[in-house]
Amino acid sequence: MNGSSLSLAVYRGVLARRGVPAVILIGLFARIPIAAAPVVLTLHVVLDLGHGYGLAGLLGAAFAVGAAVGAPLVGRTVDRVGLRPVVAVTTVASTAFWVVAPHLEYSALLPAALLAGLLSLPVFSVTRQALAAMLTPELRRPGFSLDSMAVEMSFAVGPAAGIALYTATTAATTLTAVAGLVLVAGAALLVLDPPVRDPELARTLAAGERAERPRLRSWMSRPVAALLLVTSAATVTVSGTDTALSAVMTSWDAVPHLGLVFAIWCIASLVGGFVFGAVKDRPSPLLVLLLLAGTALPVSLAGSWPVLALLVVPTGLFCAPLMAGTAEALTHATPATVRGLVLGVHASALTLGDAFGAPLTGVAVDRFGAQWGFAAVGAAGLALAALALLVGGWRVPAAAGAAPRPSSSSLPEAALSR
């Protein structure tokens, strides 16, 4: 890529589309309580219920498993019945859980978390599905990049705000606030009701014609499976880096500077996401994963927190681009008639990777020392990249500016990239 391949006009094109800015803003707002809730729930289990971090982690795992199972089911339902019924049901279910959660004993909270994950408001997949429907193929990458940047901002604000409110009040107050924000976000989605189907597919359904829905094996090709591996590897690496940063800074008694290091990492991701959306060339998600995992390895060499803050910048640059790139590639490589299901599976891949990354890094830190966490997470990312290469090869998906594939019959010839 070179300077001439950078075009900021694509962002003007994205934001000029009616409804797109509102979708991105609602997505940003809706993810703040989603980001805040897990850390508040952990504090509630440990400090209020008097259990250890192991049981707190088990509760988080139950919610993650529910979300991973539920996302494809919810996505498929969106494909079949539309957005509003799904948002209405999941908003009510999510709001109810966060209202009652602080009043439940752990034995009841655990199965409730599993069910709540299953019926959680599908902000991630719905936002991306709406953007894919509202944007032309050549504008999807900058659109998904803006969405990934919004995710970074939500996760920069959410946990800190949740901890601050919990410290100042109680778990009941904080989780009720989470419930209120989820309710507002769901209501905003219901009012906006963004399109989730491509215009051509929407016209077909409006005319009373039946859209053929291809079977799973017709679009779940080896390259698409490889792309989902890359997606999970992304969050394995990112969540593992998050854990390693906390472990190293704690071992150096530098916790007061931890917020600054995280802020630098997030800013690097925002910059990377912005540049990724503006470049005309399409870098391979597999290549971006290799860069993300590869740049995590030298972070283990840092000997002080200022050096750590500098070494984590290259890793940060590839976080948002990889999240955006995998979603974009999937929308080009799979039929439009199953996009809700596909992006639900994408959300599940992100959730599963996130669930494995932190424990993997924690084991490395406990056995070999804090700085080995970066080596472990980098090696895990590279190993998953190699597995994805074996599964799907280094193939090329439909070009961003190309006409969309027929939605019911064509097989994705590739999903990874150049």
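Each number in this note's numbering comes from the position in the sequence shown (counting from 1) with 80 added on. Positions of the beta carbon are idealized from the N, C-alpha and C atoms, including for glycine. The structure displayed is predicted, hence computed values, not measured ones.
### Task
Could you name the residues of the same chain whose beta carbon sits closer than 8 Å to that of Met329, not counting the 5 residues immediately before and after it, in chain order?
For the purposes of this step, residue 329 is identified with residue 249 of the sequence shown, where counting begins at 1. The answer, listed in chain order, is Val335, His337, Leu338, Val341, Trp385, Leu388.
### Message
Residues in the same chain with beta-carbon distance under 8 Å from Val180, minus the five sequence neighbours each way, listed in chain order, please.
### Response
Here residue 180 refers to the residue found at position 100 when the sequence shown is read from its first residue. So the qualifying residues of the chain are Ala192.
### Message
Contact defined as beta carbons within less than 8 Å: I believe Leu201 pairs with Phe143. What is the distance between those atoms, to the nearest angstrom?
### Response
As a first step, residue 201 is located in the sequence shown; it is residue number 121 there, counting from the start. As a first step, residue 143 is located in the sequence shown; it is residue number 63 there, counting from the start. About 13 Å separates the two Cβ atoms, so there is no contact after all.
### Message
My output table needs one value for Val359: the three-state DSSP class, helix, strand or coil.
### Response
Here residue 359 refers to the residue found at position 279 when the sequence shown is read from its first residue. In the structure shown, Val359 sits in a strand (DSSP, three-state: E or B).
### Task
For Val100, collect the residues of the same chain with a Cβ closer than 8 Å to its Cβ; drop the 5 residues on either side in sequence, then sort them by chain order.
Indexing the sequence shown from 1 puts residue 100 at position 20. So the qualifying residues of the chain are Val94, Leu211, Met214, Leu215, Gly223.
### Task
Could you pull out every residue in the same chain whose Cβ sits closer than 8 Å to the Cβ of Leu190, ignoring the five residues on either side in sequence?
Position 110 of the sequence shown holds residue 190. Once the five neighbours on either side are set aside, the close Cβ partners of Leu190 are Leu138, Leu139, Ala142.
### Query
What do you reckon, are the CB atoms on Gly353 and Ser225 nearer than 8 Å?
Walking along the sequence shown from the start, residue 353 turns up at place 273. Walking along the sequence shown from the start, residue 225 turns up at place 145. Cβ distance < 8 Å, so Gly353 and Ser225 count as in contact.
#### Entry: Integer-rounded CB distance, given that Val392 should sit under 8 Å from Val258
Taking the first residue of the sequence shown as position 1, residue 258 is located at position 178. Taking the first residue of the sequence shown as position 1, residue 392 is located at position 312. With 8 Å as the limit, Val258 and Val392 do not qualify as a contact, their Cβ atoms being about 29 Å apart.
### Query
Considering only C-alpha positions, which residue in the set Ala136, Ala324, Gln209 is nearest to Asp507?
Absent from the model: residue 507. The displayed extent of the chain is 81 to 498, so no value can be given.
### Ala244 classed as buried or exposed, judged by whether at least 16 other C-beta atoms fall within 10 angstroms
Position 164 of the sequence shown, counted from the start, is the residue given in the question as residue 244. Result: exposed.
### Message
Which residue wins for smallest C-alpha separation from Ala267, given the options Ala343, Met229, Val169, Trp332?
### Response
As a first step, residue 267 is located in the sequence shown; it is residue number 187 there, counting from the start. With distances taken between Cα atoms, Ala267 lies closest to Val169.
### Query
When you compare each of Asp361, Leu432, Arg98, Lys360 to Ala151 by their alpha carbons, which one comes out closest?
Position 71 of the sequence shown, counted from the first residue, corresponds to residue 151. The residue with the shortest Cα to Cα distance from Ala151 is Leu432.
### Query
Does the stretch 458-472 come within contact of the stretch 297-308, defined as at least 3 CB pairs closer than 8 Å?
yes
### Task
Tell whether a beta-carbon distance below 8 Å holds between Val145 and Leu135.
Against the sequence shown, residue 145 aligns to sequence position 65. Against the sequence shown, residue 135 aligns to sequence position 55. Contact flag unset, no.
### Message
DSSP three-state label for Leu86, please.
### Response
By 1-based counting over the sequence shown, the position of residue 86 is 6. Looking at Leu86 - three-state DSSP - the assignment turns out to be strand.
### Query
Do Leu409 and Pro363 have their C-beta atoms within less than 8 Å of each other?
Working through the sequence shown from its first residue, we reach residue 409 at position 329. Working through the sequence shown from its first residue, we reach residue 363 at position 283. The displayed chain sequence assigns Ala, not Leu, to residue 409. Their beta carbons are not under 8 Å apart, which means Ala409 does not touch Pro363 by this criterion.
### Task
Report all residues from its chain with a CB closer than 7 Å to the CB of Thr411; omit the five preceding and five following residues, and keep chain order.
Taking the first residue of the sequence shown as 1, we reach residue 411 at position 331. The residues are Ala212, Arg220, Arg419.
### Task
Give the secondary structure of Asp333 by DSSP, where H, G and I count as helix, E and B as strand, and everything else as coil.
Within the sequence shown, residue 333 is the residue found at index 253, counting from 1. Three-state DSSP puts Asp333 in coil, outside helix and strand.
### Query
Terminal residues of the continuous alpha helix (DSSP H) containing Pro506?
No statement about residue 506 is possible, as the shown extent of the chain runs from 81 to 498 and does not include it.
### Task
Could you have a look at Arg156 and say whether DSSP puts it in helix, strand or coil?
Within the sequence shown, the letter at position 76 stands for residue 156. In the structure shown, Arg156 sits in a helix (DSSP, three-state: H, G or I).
### Query
When you compare each of Ala102, Gly107, Leu467 to Leu369 by their alpha carbons, which one comes out closest?
By one-based count along the sequence shown, residue 369 stands at place 289. It is Leu467.
### Task
May I have the straight-line CA-CA distance separating Phe398 from Asp227, to the nearest angstrom?
Position 318 of the sequence shown holds residue 398. Position 147 of the sequence shown holds residue 227. If I take the Cα positions, the gap works out to 15 Å.
### Buried versus exposed, by CB contacts within 10 Å (16 or more), Asp434
Position 354 of the sequence shown holds residue 434. By the 10 Å Cβ count, Asp434 comes out buried.
### Message
Let me make sure I understand the geometry here. Which of Gly155, Asp128, Val149 has the alpha-carbon closest to that of His183?
### Response
On the sequence shown, position 103 is the one that residue 183 refers to. Among Gly155, Asp128, Val149, the Cα nearest to that of His183 is on Asp128.
### Query
Does DSSP put Asp278 in a helix, in a strand, or in coil?
Here residue 278 refers to the residue found at position 198 when the sequence shown is read from its first residue. Coil, per DSSP.
### Task
Have a look at Ser326 and Ala376 and give me their C-alpha separation to the nearest angstrom.
Indexing the sequence shown from 1 puts residue 326 at position 246. Indexing the sequence shown from 1 puts residue 376 at position 296. Answer to the nearest angstrom: the Cα atoms are 14 Å apart.
### Message
Could you compute how far the alpha carbon of Ala450 sits from the alpha carbon of Trp345?
### Response
Looking up residue 450 in the sequence shown gives position 370. Looking up residue 345 in the sequence shown gives position 265. Approximately 18 Å between the Cα atoms of the pair.
### Task
Locate the alpha helix (DSSP H) running through Thr209, then write down its first and last residues.
Within the sequence shown, the letter at position 129 stands for residue 209. Reading off the sequence, residue 209 comes out as Gln, not Thr. 203-214 is the extent of the alpha helix (DSSP H) around Gln209.
### Task
Determine the direct distance from the alpha carbon of Val271 to that of Pro378, and round the result to whole angstroms.
Numbered from 1 along the sequence shown, position 298 holds the residue referred to as residue 378. Numbered from 1 along the sequence shown, position 191 holds the residue referred to as residue 271. Whole-angstrom Cα-Cα distance: 48 Å.
### Message
Tell me which residues share the same chain as Phe204 and place their Cβ nearer than 6 Å to its Cβ, disregarding the 5 neighbours each side in the sequence.
### Response
Translated into positions along the sequence shown, residue 204 becomes position 124. Cβ within range, chain order: Ala427.
### Task
Kindly indicate which three-state DSSP category Phe398 falls into: helix, strand or coil?
Here the question's residue 398 lines up with position 318 in the sequence shown. Residue state, collapsed to three classes: coil.
### Message
I'd like to know whether the C-beta atoms of Leu163 and Val276 end up nearer to each other than 8 Å.
### Response
Against the sequence shown, residue 163 aligns to sequence position 83. Against the sequence shown, residue 276 aligns to sequence position 196. The answer is yes: Cβ separation under 8 Å.
### Query
Would you call Leu255 buried or exposed, if buried means 16 or more other Cβ atoms sit within 10 Å of its Cβ?
What you label residue 255 is simply residue 175 of the sequence shown in a count that begins at 1. Burial call: buried.
### Task
Please state if the CB of Ala373 and the CB of Thr441 are separated by a distance shorter than 8 Å.
The count along the sequence shown starts at 1 and reaches residue 441 at position 361. The count along the sequence shown starts at 1 and reaches residue 373 at position 293. Cβ distance not < 8 Å, so Thr441 and Ala373 don't count as in contact.
### Query
In three-state terms, what does DSSP make of Ala382?
One-based indexing of the sequence shown puts residue 382 at position 302. Looking at Ala382 - three-state DSSP - the assignment turns out to be coil, as it is neither helix nor strand.
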